[in-house]
Amino acid sequence: MTWAQFLSMGGFAFYVWSAYGFTAVVVVLNIVQPLTHKRKVWQGLRRGLDDGEEERHEEAE
Amino acid sequence: MKFIHKYGAPKRFYQLAGTFIPWFAGITAVLFVSGLYLGLYWAPPDYQQGDAYRIMFVHVPNAWMSMMAYVIMASFAATGYIWNIRLADILARVSAPLGASFTLTALVTGSLWGKPMWGTYWVWDARLTSELILFFLYVGYMALQASIDDARRAAHASAILAIVGVVNIPIIHYSVYWWHTLHQPASLTLTNQPKIYATMLIPLIVMSLAFMFFYLTMLCVRARSEILLRERHTDWVRKLVEGKP
Chain V
41 MTWAQFLSMG GFAFYVWSAY GFTAVVVVLN IVQPLTHKRK VWQGLRRGLD
91 DGEEERHEEA E
Chain S
31 MKFIHKYGAP KRFYQLAGTF IPWFAGITAV LFVSGLYLGL YWAPPDYQQG
81 DAYRIMFVHV PNAWMSMMAY VIMASFAATG YIWNIRLADI LARVSAPLGA
131 SFTLTALVTG SLWGKPMWGT YWVWDARLTS ELILFFLYVG YMALQASIDD
181 ARRAAHASAI LAIVGVVNIP IIHYSVYWWH TLHQPASLTL TNQPKIYATM
231 LIPLIVMSLA FMFFYLTMLC VRARSEILLR ERHTDWVRKL VEGKP
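Chains as they are written, first to last, in the working numbering: chain V, 41 to 101; chain S, 31 to 275.
Following this line, the structure appears as structure tokens:
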């Protein structure tokens, strides 16, 4: 089987590749979004920690 | 109950999930690569549908997972509601976007399969309509969660929606038997011999396991972020953040 034959999917190329393409996009978004969110949560936590320390310094003064 | 409270502790789950995520992710990747090879290349074309039937290998796993994720979400929501287990609330909440994604993918890939086989992208048939309702249930659940700031109240209100929505699951499952629909009945059941050949069955099972492990992986990732966010004022999270500057 050649690449061209494989890609043509017996004449159903548009339907088959659209279905797999859409699935792939949704899967990738479901990886990227939670990882971005995770990074944001960690940034928020570190900032929260800094704020907390500043507060404590202010109290000491 | 003791077991639930021990492993139900968010801290404990955070650590446990952290250990398991790389393994789950690795298994997911291997299953996806082999499933795609088997489904797109190894399996021969169908004698009636030609190569179009290969859409099944993404459509059916997503349709299965759309229902499984809902049942899991509703079970966690009910557990959190009845016994006030915070971890159950969290797992219910993070299950929703994954389930909604599976549902949307099942609808879109089904539509792309319907056009060459039935001659139409969409019909208001019982199976398709009940699956669309499932999507709206997920969206409604997420909207309700997002609209209430207090975590406990959000969990309580949305749990009721999730539990009531469970009635839709048997409707989706039996729709192809109860009504004369365009959608075909199940090819695979737990009790009967499969109605499809092994060459089609194997890729279908591998792809289904791939999506199952994908769900498990991302559920853990999402749950860990949610746990950190909710427990940010506790000592163990402070120590964790200080340990990883």
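Note that the Cβ used here is the ideal one computed from N, Cα and C, for glycine as well. For clarity, every value in this text was computed on a predicted model and none was experimentally measured.
Assigned secondary structure, residue i (DSSP; H/G/I helix, E/B strand, else coil)
{"i": "S/Met149", "result": "As written in the sequence, residue 149 of chain S is Gly, which differs from the Met given in the question. It is coil, neither helix nor strand."}
{"i": "S/Asp179", "result": "coil"}
{"i": "S/Asp76", "result": "strand"}
{"i": "V/Phe52", "result": "coil"}
{"i": "S/Tyr111", "result": "helix"}
{"i": "S/Asn222", "result": "coil"}
{"i": "S/Pro155", "result": "Note on identity: in this sequence residue 155 of chain S is Asp, with Pro being the wrong assignment. Here S/Asp155 sits in coil by DSSP."}
{"i": "V/Gln83", "result": "helix"}
{"i": "V/Pro74", "result": "helix"}
{"i": "S/Ser64", "result": "helix"}
{"i": "V/Ser58", "result": "helix"}
{"i": "S/Ala189", "result": "helix"}
{"i": "S/Ala118", "result": "helix"}
{"i": "S/Pro127", "result": "helix"}
{"i": "S/Ala59", "result": "helix"}
{"i": "S/Ser217", "result": "coil"}
{"i": "S/Ala47", "result": "helix"}
{"i": "S/Val138", "result": "helix"}
{"i": "S/Ala173", "result": "helix"}
{"i": "V/Val65", "result": "helix"}
Distance CB(residue i)-CB(residue j) smaller than 7 Å
{"i": "S/Gly65", "j": "S/Val236", "result": "yes"}
{"i": "S/Phe132", "j": "S/Ala118", "result": "no"}
{"i": "S/Glu161", "j": "S/Ile202", "result": "yes"}
{"i": "S/Trp152", "j": "S/Ser141", "result": "yes"}
{"i": "S/Val88", "j": "V/Ala53", "result": "no"}
{"i": "S/Val196", "j": "S/Ala104", "result": "yes"}
{"i": "S/Val39", "j": "S/Leu121", "result": "Val is not the amino acid found at residue 39 of chain S; the sequence shown has Ala there. Cβ distance not < 7 Å, so S/Ala39 and S/Leu121 don't count as in contact."}
{"i": "V/Val66", "j": "S/Thr135", "result": "yes"}
{"i": "S/Phe50", "j": "S/Phe243", "result": "no"}
{"i": "S/Gly80", "j": "V/Gly61", "result": "no"}
{"i": "S/Leu128", "j": "S/Tyr44", "result": "no"}
{"i": "V/Gln74", "j": "S/Met172", "result": "Checking the sequence shown, residue 74 of chain V turns out to be Pro, not Gln. Cβ distance not < 7 Å, so V/Pro74 and S/Met172 don't count as in contact."}
{"i": "S/Phe241", "j": "S/Pro146", "result": "no"}
{"i": "S/Val267", "j": "S/Leu259", "result": "no"}
{"i": "S/Ser255", "j": "V/Val81", "result": "yes"}
{"i": "S/Cys250", "j": "S/Ala47", "result": "yes"}
{"i": "S/Leu22", "j": "S/Leu191", "result": "Because chain S is modelled from 31 through 275, residue 22 of chain S falls outside the range shown and cannot be assessed."}
{"i": "V/Val56", "j": "S/Arg116", "result": "no"}
Host alpha helix (DSSP H) of residue i (start-end)
{"i": "V/Gln45", "result": "Trp43 to Ser48"}
{"i": "S/Tyr71", "result": "Taken as a continuous stretch (DSSP letters only), S/Tyr71 belongs to no alpha helix (DSSP H), as it is neither H nor E."}
{"i": "S/Trp209", "result": "Segment: none, S/Trp209 is in no alpha helix (DSSP H) and carries neither H nor E."}
{"i": "S/Leu246", "result": "Ala228 to Arg260"}
{"i": "S/Val267", "result": "Asp265 to Gly273"}
Distance between beta carbons of residue j and residue i, contact taken as under 8 Å
{"i": "S/Ala73", "j": "S/Pro233", "result": "5 Å"}
{"i": "S/Ile226", "j": "S/Ser217", "result": "5 Å"}
{"i": "S/Pro200", "j": "S/Val206", "result": "Not a contact, Cβ separation roughly 12 Å."}
{"i": "S/Gly110", "j": "S/Ala189", "result": "6 Å"}
{"i": "S/Trp208", "j": "S/Ala156", "result": "7 Å"}
{"i": "S/Arg262", "j": "V/Leu85", "result": "6 Å"}
{"i": "S/Leu158", "j": "S/His213", "result": "7 Å"}
{"i": "S/Ala130", "j": "S/Tyr168", "result": "4 Å"}
{"i": "S/Ala82", "j": "S/Trp143", "result": "7 Å"}
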